[in-house]
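Undergrad:
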Amino acid sequence: MSKTRSAKTNSGRFFEDYAVGDVLRHAVPRTVSGGERALYHALYPARHALYSSDEFARRSGLPKSPLDDLAAFHIVFGKTVPDVSLNAVANLGYAEGRWLLPVYEGDTLRSESEVIGVKQNSNGKSGVVYVRTRGVNQREETVMEYVRWVMVRKKDLEAPAPETVIPALKKVIPVEDLVIPEGLDFSGYDFDQAGEPHHWGDYAVGETIDHVDGVTIEEAEHMIATRLWQNTAKVHFDATARPDGSRLIYGGHVISMARALSFNGLANAQMIVGLNGGAHANPCASGMTVRAWSEVLDKAETSAPGVGAIRLRLVAASGAEPFTLKGEDGKYLPGVLLDLDYWALMPV
Amino acid sequence: MSKTRSAKTNSGRFFEDYAVGDVLRHAVPRTVSGGERALYHALYPARHALYSSDEFARRSGLPKSPLDDLAAFHIVFGKTVPDVSLNAVANLGYAEGRWLLPVYEGDTLRSESEVIGVKQNSNGKSGVVYVRTRGVNQREETVMEYVRWVMVRKKDLEAPAPETVIPALKKVIPVEDLVIPEGLDFSGYDFDQAGEPHHWGDYAVGETIDHVDGVTIEEAEHMIATRLWQNTAKVHFDATARPDGSRLIYGGHVISMARALSFNGLANAQMIVGLNGGAHANPCASGMTVRAWSEVLDKAETSAPGVGAIRLRLVAASGAEPFTLKGEDGKYLPGVLLDLDYWALMPV
Amino acid sequence: MSKTRSAKTNSGRFFEDYAVGDVLRHAVPRTVSGGERALYHALYPARHALYSSDEFARRSGLPKSPLDDLAAFHIVFGKTVPDVSLNAVANLGYAEGRWLLPVYEGDTLRSESEVIGVKQNSNGKSGVVYVRTRGVNQREETVMEYVRWVMVRKKDLEAPAPETVIPALKKVIPVEDLVIPEGLDFSGYDFDQAGEPHHWGDYAVGETIDHVDGVTIEEAEHMIATRLWQNTAKVHFDATARPDGSRLIYGGHVISMARALSFNGLANAQMIVGLNGGAHANPCASGMTVRAWSEVLDKAETSAPGVGAIRLRLVAASGAEPFTLKGEDGKYLPGVLLDLDYWALMPV
């Protein structure tokens, strides 16, 4: 019985392993239950009523309360990590994210990604990979989709540079491309139960909102959250992976924290239906106190009864003043963690 | 597109904003699932069998295992925070708390509070507000109620003092006012499965019980717990809110911790049905090791088969010796965190 | 009303309290829900598809996704602590562990243990107790069983030594004694969705696998996990119980962490069906970064369609190099935390 070292461990894909048109079927489908919802509310100060109460959801025309839209995003995203970002140097951006169907308890999600662009960097050591990822339920329906691009290292520096393909991506999803859940109806919306009296009509383009509250980040919490989405990238968990002994926090943790904090001032921005773009401006680490502010970027009517669309910038910061974003050099200020651009649905 | 600062953030109510007779419908209803139960057991060393096992609950005459009575309390309480205690200087007391109906998976809870008393302090800068809060389920049934009074700051120091109204509150809920869940029957109680052999008849008024075990408090745990109840008061989460960088722990976290620790010696004090009073004697902070002791204050028979009522003092402490409570000056000792007075149901 | 000190607190059993043939019915039955599954995935980087997806489980011939086999073990184990190991000096070993029936949401588990061996130590101050523990569901079916032996202190040093009984225990469970869940069928196994392409046939006896990833241990996480299994032994929770202020981490936390890490290289070792033995080689403490490696010890065919059995050594380490285990003195290296020997089921 001789001992042999196995080569079965996944070492991830490198830049030269991606070709435009490849479809990656990501592993480990996930059935969701009330447990995911309870944990989401335990990890983030999430209080949007549609995701908290079956009764509120039914009054809004849905069969019951769906899984938080960002929880659905995290589940779909988490599955892509072993195939897309294990050897990523940086998560560069998001675009064309759309939520197409609510996710309910008992649904099983899987993910798949199509490589839609590649561009080798001029240094020859890495390149940018663009993927369009879809989350698919047990009925083979797409529940959400988004484009993400990452910088990935090459393993074989001699591998030839692929033909550059940069996908044409919309800077902003046109409102007519947003998908409103079937049956959604805010005409009988209960503002008292939702927590704030502000209608869609009360928000003005250009208006900025300081969400006031702050949450100090703990190692145990971001790790519990990140694992819940089965995102097991070692940088988030292994304190020995970085020279200073800190763990790099999953960017999605900051997205969910900021969105939850935005309840205070945007309690009626109930459903996220579009992700126009987003930048993880600076890394987040344990001990930081995260705050958030928003800016109304646009507004649009929809065909659903009582439902308006609002386009919001959501900024998470630790140390940067509210309503500050970039320095004179055009770069994000050191205290800015997240700059997200999304569409939400509100009662008119 | 000019930028405007929003005034939509909730800054909470101040003393002058409360008038006797006001009814506050608190926001964000909540549907509970198995997730809340699992988290409650993960956050506290809770082992009372009725809240752990559907089989044990059925043998006790209930349709299935209800949500822990304190978890129901926390959910109801959490909703009141934005309307009652956002600007509170201190949580002064509880009275007349009664659990009226068990809460089961799938139930949706909301809360409402009636202002039943106001009294401006002599300094003119703050006042005491008394509210009677009710937790209501999706069938508009009241599942629990309690009175709570808090000291709240005035914003407008010029606002006239309201007429003082101090509600007449019972020091102890009479046993005939306690509501025993329909069908509850301990005549076939399984003491082995419950964990201890001690009957209601084995406890004597005046008996004191040291619950022995201790739990050291972690920041991540109290924040997860507090958020689970959608209590998002910033003092619990924001390490920059206090000069020493510590977070003030939600008093309910200490209540649940002490109650769970009391299993060791009071495993058969299954259901909490009455809250006579309670004081958060000193603040709790991360790093403290919480212990608990109890004293039997009273006993009473009930009309339900095999069910006795027991009135207990539950004390949580960190540093104070068991069975010590107040100093010669009549003030709580520095190591005492909680002094709670409640009614529970036990097998006779 | 005179105050009396109660003697109702459980002080646990001492060595002289165990006699061969005793059957201990452990307290606090537990109904499991989706909450336990979600928490298990939040606490460990668990990604085996059978325990994550109802769809994957159905394709494998099961009615739905069962509770993770180790979660079932922890629930069964946790109940034994107050009766078996409250006064234990050391957890010495496991043997003859078998999973007999999957556990599903809604099942209620209880545990019972039979004392099958006792041996007083030569120092007269302690002894070894062997118990065979069974986890039983609400239909009185045994869902799992295992033998465990612990060293327990004597309280009464004058108590006579019992007749020594050392049970004959199998070093390895013969493959024909393993119980394969009814209906399990891996003939249509989806390797893409499971996460790795490696078949049972691809593993060779003697092969070693470095699972690469590491997870740094947090106090909040191991306490949440341990409480979830209602294992409330104070050493895991009370920082004042040990001179250095650290908490002793429940050995099962390390088992689950290592098993979850082993996904990377053993994603298709889906179900654990046998526990041949295990040693908690060194204690684990907060701040350690746990890594894992495996060695293929044996392989065997089974009668179920497409299902092979694989016997694995699973080693968890913090600081010890992969594939190192014991020093020249035959003792475990200081950085080795766990040495586990188990049978799992894989697609052939």
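Residue numbers (the UniProt record's numbering), protein chains in the order written: chain A, 1 to 348; chain B, 1 to 348; chain C, 1 to 348.
Where a beta carbon is used, it is the ideal one built from N, C-alpha and C, also for glycine.
1) Anything in the region 100–113 of chain A with a Cβ closer than 7 angstroms to a Cβ of chain C? List those residues in chain order, please.
2) Going along the chain, which residues of its own chain have a beta-carbon closer than 8 angstroms to the beta-carbon of Ser53(C), five neighbours each way excluded?
3) Using the Cα positions of Met1(A) and Glu207(C), report the straight-line distance between them to the nearest angstrom.
4) Chain A partners of Ser52(B), CB-CB under 9 angstroms?
5) Taking just the CA atoms, how far does Ile224(A) sit from Glu158(C)?
6) If you measure from the beta carbon of Ile75(B) to each beta carbon in chain C, is any gap under 8 angstroms?
7) Taking Arg47(B) as the query, report the chain C residues whose CB atoms sit under 8 angstroms from its CB, ordered along the chain.
8) For the alpha helix (DSSP H) containing Glu55(C), list its first residue and its last residue.
9) So which of Met288(B), Asn91(B), Leu297(B) has the shortest CA-CA distance to Gly251(B)?
10) Could you list the residues in the region 209–224 of chain A with a C-beta less than 9 angstroms from some C-beta on chain B, going in chain order?
11) Considering only C-alpha positions, which residue in the set Leu248(A), Ile75(A), Gly127(A) is nearest to Arg110(A)?
12) Is there contact here, the region 180–188 of chain A with the region 55–74 of chain A, by at least three beta-carbon pairs under 8 angstroms?
13) Am I right that Val307(B) and Ile180(B) are in contact with their C-beta atoms under 8 angstroms? What's the rounded C-beta distance?
14) Label Asp329(A) either buried or exposed according to how many other C-beta atoms from any shown protein chain fall within 10 Å of its C-beta, with 16 as the threshold for buried.
15) DSSP state of Met1(B), grouped into three classes?
16) Counting only beta-carbon separations shorter than 8 angstroms, does Glu36(A) have a partner in chain C?
17) Can you give me the Cβ contacts of Ala260(A) inside the same chain, cut-off strictly under 8 angstroms, excluding the 5 residues immediately before and after it?
18) What is the residue span of the alpha helix (DSSP H) that Met151(B) lies within?
19) Determine, for Asp22(B), whether the minimum Cβ-Cβ distance to residues of chain A falls below 8 angstroms.
20) At a Cβ threshold of 8 angstroms, is Gln120(B) touching chain A?
21) Short check: CB of Leu345(B) to CB of Asn282(B), under 8 angstroms?
22) For a test of the three-state rule: what should DSSP assign to His198(A), helix, strand or coil?
23) Quick check on Arg153(C) - is its C-beta less than 8 angstroms from some C-beta in chain B?
24) Rounded to whole angstroms, what's the CA-CA distance from Ser113(A) to Gly124(A)? Just pull it up for me.
25) Within a Cβ cutoff of 6 angstroms, which residues of the same chain sit near Val254(A), ignoring the five residues on either side of it in sequence?
26) Buried or exposed: Pro305(A), going by 16 or more other Cβ atoms within 10 Å of its Cβ?
27) Using a Cβ cut-off of 8 angstroms, pull out every chain B residue sitting near Thr9(C), in sequence order please.
28) How about Leu67(A): is its C-beta nearer than 8 angstroms to some C-beta of chain C?
29) Who are the Cβ neighbours of Arg20(A) in its own chain at under 7 angstroms, not counting the five residues just before and after it?
30) Quick one: does Ala300(A) have its CB under 8 angstroms from some CB of chain B?
31) Would you kindly report the start and end of the unbroken beta strand (DSSP E) that includes Leu345(C)?
32) Is the shortest distance between the beta-carbon of Thr240(B) and the beta-carbons of chain A less than 8 angstroms?
33) For Ala292(A) versus Leu314(A), is the C-beta spacing smaller than 8 angstroms?
34) Determine which residues of the region 184–202 of chain B have a Cβ less than 8 angstroms from any Cβ of chain C, and write them out in chain order.
TA: Reading it off the structure:
1) Thr108, Arg110
2) Ser65, Gln193
3) With a pLDDT of 49 at Met1(A), under the threshold of 50, the modelled position of this residue cannot be trusted, and the question is left open.
4) Ordered by position in chain A, no residue passes the 9 angstroms Cβ test against Ser52(B), which lies about 16 angstroms from the chain.
5) 49 angstroms
6) no
7) Ala27, Val28, Gln230, Thr232
8) 54–59
9) Asn91(B)
10) Ile209, Asp210, His211, Val212, Asp213, Gly214, Val215, Thr216, Glu218, Glu219, Ala220, Glu221, Ile224
11) Ile75(A)
12) yes
13) 6 angstroms
14) exposed
15) In this prediction, Met1(B) scores a pLDDT of 49, lower than 50, which makes its location untrustworthy; no coordinate-derived value is stated.
16) yes
17) Tyr44, Pro45, Ala46, Arg47
18) Element bounds for Met151(B): not the alpha helix (DSSP H) but the beta strand (DSSP E), 142–153.
19) no
20) no
21) no
22) coil
23) no
24) 25 angstroms
25) Cys284, Ala316, Leu337, Leu338
26) exposed
27) Ile209, Asp210, His211, Val212, Asn264, Gly265
28) no
29) Correcting the residue identity first, residue 20(A) is Val in this sequence and not Arg. Cβ within range, chain order: Val115, Ile116, Gly117, Val118, Val165.
30) no
31) 336–347
32) yes
33) yes
34) Asp192, Gln193, Ala194, Gly195, Glu196, His198, Asp202
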